[in-house]
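Numbering (the UniProt record's numbering), first residue to last: 1 to 567.
Here a beta-carbon is modelled for each residue, glycine too, at the ideal position from N, C-alpha and C.
Notes follow the structure.
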Amino acid sequence: MRLTVGQVHRYVLALASSRSCFVLGDHLPFRMLSLPRAVSFHQTAWHDTQTVEDKSGLLTLASLEVQNKVEYGKKEIATRTGGTKPSSRALALNMKPKVSSFNAKPVKSSLPKSAVLKKTLKIDESLFSAKSFEELGLPPLLIDRLNKEGLTAPTEVQSAAIPIISRKHDAVIQSYTGSGKTLAYLLSILSEIGPLKRPTEQDSVEAVIVAPSRELGMQIVREVKKILGPSDKRLVQQLVGGANRSRQEEALKKNKPIIVVGTPGRISEISAAGKLHTHSCRFLVLDEVDQLLSFNYREDMHRILEHVGRKSGTSSRDILGPLARRSECQTILVSATIPFSVIRAARSWGHDPVLVRAMSVVPLESITVPRPMLSQTDANSNSPSNSVNQAAVDSLPPSLEHYYCTSKAQHKVDTLRRCIHALEAQTVIAFMNNTKPLKDVVFKLEARGMKATELHGDLGKLARSTVLKKFKDGEFRVLVTNELSARGLDVPECDLVINLDLPTDSTHYAHRAGRTGRLGQKGTVVTICEETETFVVRKMRKQLAVPIKPCEFTEGKLLVHKEEDVE
Ligand SMILES: Nc1ncnc2c1ncn2[C@@H]1O[C@H](COP(=O)(O)OP(=O)(O)OP(=O)(O)O)[C@@H](O)[C@H]1O
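Now the structure itself:
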């Protein structure tokens, strides 16, 4: 039976959705798994993780063969010392390693270290130690612009990623939230294209950057404009949903941007209408890749992956999968949380794909599927719910303090106020799960004299960006929002994140938490839950392998409780 690529994808999606195990043909888009391996994956699926993923609609393109989700192991091979880097995060921007007062027990892996990552890439060690943009070999014009913006030294992940990308590797960039991943890829790209580059040939749309939300898209656009400077800012064009599409198309025609940044739906719409030509694109970036490869975005991402960087005349028969080989185009996948399914997808690219993390670069081919790691206290129980979610663990900044307190639902707003006062927090992001109660919370806070505002999908694009700007400018002390703001949102001043509703799982917890403690700053995360929900917090604590300490707020102070079973 011969199927077209589109048919194949639909067929695979349908089967994967039903969680069936099925045989793969040679012409199917994914080549990685044979049936016996797929069967064994299916049998050893982590039921706990899977249930959660299903709820959030996460179906990675890479895992379409078998609906399965596993995380890669934490054990990195540090290139300089040959051992893991205990303080690699803390070293970002020359931060001093933070000694936690909490004695977390080590997690126990049931897998020998060597089975997780087999080998490191042979790479010049000195690359990781670059302390300046000059040492990284960035073009002088670009360095001038960075200095003008007050950026003088690269972060660790930038030191690792920039040389790798300049060597034409496809890369998966993983590092904790707020560690500077955006500039890690932007500086690599702006070294090669646009007015600040090393001199080369002519310009057209040469980089496509895809982000899952309008806010993140606009944030990336602002970052590019900041680097390009006022005279060249027209060279980046936003293509996010919710904005006037004809205006975006006109701007594409008039300004001839070299970089476009947008959401999957709008990029794919404009591309389908023939108004965006990306065949000779040199860089494709998927920011928050694990989210972009989820089920929700499958149609749009499929179109984007099929078209960007594919020279016309290339038959769709040649496509090995959505992340197909693009001979000229470098693909860069970015997230604080990279599940193994993304690694598996990325392996089908052509340009020696590597996993870049602060202080380590590893060929993707050498990363094997890990078995679940159990937290020490539960190593004997073998329960999947006790598995450490390594991707989420790796995404947490080291400088965060985590607490939880209990409150009746009707008293949560008061608890929130007491928490803000006790911690003297100035810039607070409070997460909830539904829009209506979210509005009620804003109303109650305002009624009690605390400046608060709301951000959610029911607001139009203009309202959303106005709210965000005002919050960043300090006009509001509390931003009450939902999952929309959990990914990528950069408000450097944010000193407190509150979970007024529980996040869906530990990965969502990690992304919400990452809105504070950015770039080595201090940050606190407080989960306010009902008594009956505390077991969920404890479970996340095990999966994240961090202390989430029980506490209460009385007489304007934070009181931390002891808990017998804190790991
Ligand atoms: N080299 C640098 N020097 C100073 N500040 C930097 C540098 N690189 C990035 N920053 C700043 O650090 C902040 C966090 O960066 P960024 O948003 O890229 O983090 P991230 O790793 O992408 O986080 P997330 O995973 O939450 O998306 C931003 O305000 C950015 O401007």
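If distances are taken between C-alpha atoms only, which option among the options comes closest to residue i?
i, options, result
"Glu249", "Gly242, Lys562, Gln237", "Gln237"
"Thr524", "Arg266, Val442, Leu423", "Leu423"
"Lys168", "Val354, Gly474, Gly556", "Val354"
"Lys148", "Ile220, Ile227, Val172, Pro212", "Ile227"
"Thr534", "Leu186, Asn244, Cys551, Ala358", "Cys551"
"Ser268", "Ser294, Ile304, Thr466", "Ile304"
"Ala346", "Ala358, Pro363, Met359, Ala336", "Pro363"
"Val289", "His411, His351, Ala391, Leu235", "Ala391"
"Thr406", "Thr554, Gln174, Met359, Thr466", "Thr554"
"Arg145", "Leu276, Val491, Lys233", "Lys233"
"Ile270", "Leu286, Val285, Asn244, Phe295", "Asn244"
"Val285", "Ile220, Gly137, Gln543", "Ile220"
"Asp458", "Gly137, Leu235, Arg487, Gly242", "Gly242"
"Arg487", "Ser166, Lys254, Thr182, Gly194", "Thr182"
For residue i, collect the residues of the same chain with a Cβ closer than 7 Å to its Cβ; drop the 5 residues on either side in sequence, then sort them by chain order.
i, result
"Lys444", "Val413"
"Phe476", "Lys451, Ala452, Thr453, Lys470"
"Ile164", "Ala171, Val354, Val356, Val361"
"Leu468", "Glu215, Leu455"
Just the Cα atoms here: how many angstroms apart are residue i and residue j?
i, j, result
"Gly83", "Cys529", "For Gly83, the predicted structure reports a pLDDT of 32, less than 50, and the residue's modelled location is therefore unreliable. A value from the coordinates is still provided. One C-alpha to the other measures close to 39 Å."
"Ala184", "Glu223", "12 Å"
"Lys119", "Val356", "Reliability of the predicted coordinates at Lys119 is poor, the pLDDT of 47 falling under 50, and no value is obtained from them."
"Arg518", "His279", "36 Å"
"Lys557", "Lys439", "27 Å"
"Ala171", "Glu531", "44 Å"
"Thr516", "Val205", "34 Å"
"Glu328", "Asn433", "42 Å"
"Glu156", "Ile367", "22 Å"
"Ala161", "Met540", "30 Å"
"Asp505", "Ile498", "15 Å"
"Val478", "Cys419", "12 Å"
"Leu252", "Val342", "31 Å"
"Ser63", "His302", "Reliability of the predicted coordinates at Ser63 is poor, the pLDDT of 31 falling under 50, and no value is obtained from them."
"Leu462", "His411", "33 Å"
"Val369", "Phe340", "7 Å"
"Glu493", "Gly520", "12 Å"
"Asp276", "Lys131", "Checking the displayed sequence, the identity of residue 276 turns out to be Leu instead of Asp. The straight-line gap from Cα to Cα measures roughly 38 Å."
"Ile258", "Ile173", "22 Å"
"Ala153", "Glu135", "10 Å"
"His351", "Glu365", "12 Å"
"Pro547", "Lys256", "50 Å"
Excluding five sequence neighbours on each side, which residues of the same chain lie with their C-beta closer than 6 Å to the C-beta of residue i?
i, result
"Lys549", "Tyr403, Val560"
"Pro503", "Tyr509, Arg512"
"Lys562", "none"
"Lys522", "Ser399"
"Ile143", "Phe133"
"Thr507", "Thr337, Ala392"
Would the beta-carbon of residue i fall within 8 Å of that of residue j?
i, j, result
"Ile209", "Val261", "yes"
"Ile332", "Phe283", "yes"
"Thr263", "Arg298", "no"
"Ser395", "Tyr176", "yes"
"Thr435", "Asn482", "yes"
"Leu292", "Pro212", "yes"
"Leu416", "Ala430", "yes"
"Leu500", "Val441", "yes"
"Pro139", "Ser179", "no"
"Gly274", "Asp300", "no"
"Gln158", "Leu196", "no"
"Asp495", "Thr427", "yes"
"Ala545", "Val388", "yes"
"Ser465", "Met218", "yes"
"Leu239", "Gly194", "no"
What span of residues does the beta strand (DSSP E) with residue i cover, start to end?
i, result
"Phe553", "548-554"
"Phe535", "Premise fails: Phe535 lies in the alpha helix (DSSP H), 534-544, not in any beta strand (DSSP E)."
"Arg167", "Per DSSP, Arg167 belongs to no beta strand (DSSP E) and is neither H nor E."
"Glu401", "400-406"
"Ile498", "496-499"
"Phe283", "283-287"
"Ser360", "360-363"
Who are the Cβ neighbours of residue i in its own chain at under 8 Å, not counting the five residues just before and after it?
i, result
"Pro230", "none"
"His307", "Ser271, Thr278, His279"
"Gly460", "Gly242"
Since residue i is in the alpha helix (DSSP H), which residue starts that stretch and which ends it?
i, result
"Gln248", "245-255"
"residue 569", "Residue 569 cannot be examined here, being either before or after the span of the chain that is shown, 1 to 567."
"Lys439", "435-447"
"Gly217", "214-228"
"Gln390", "390-395"
"Ala345", "340-346"
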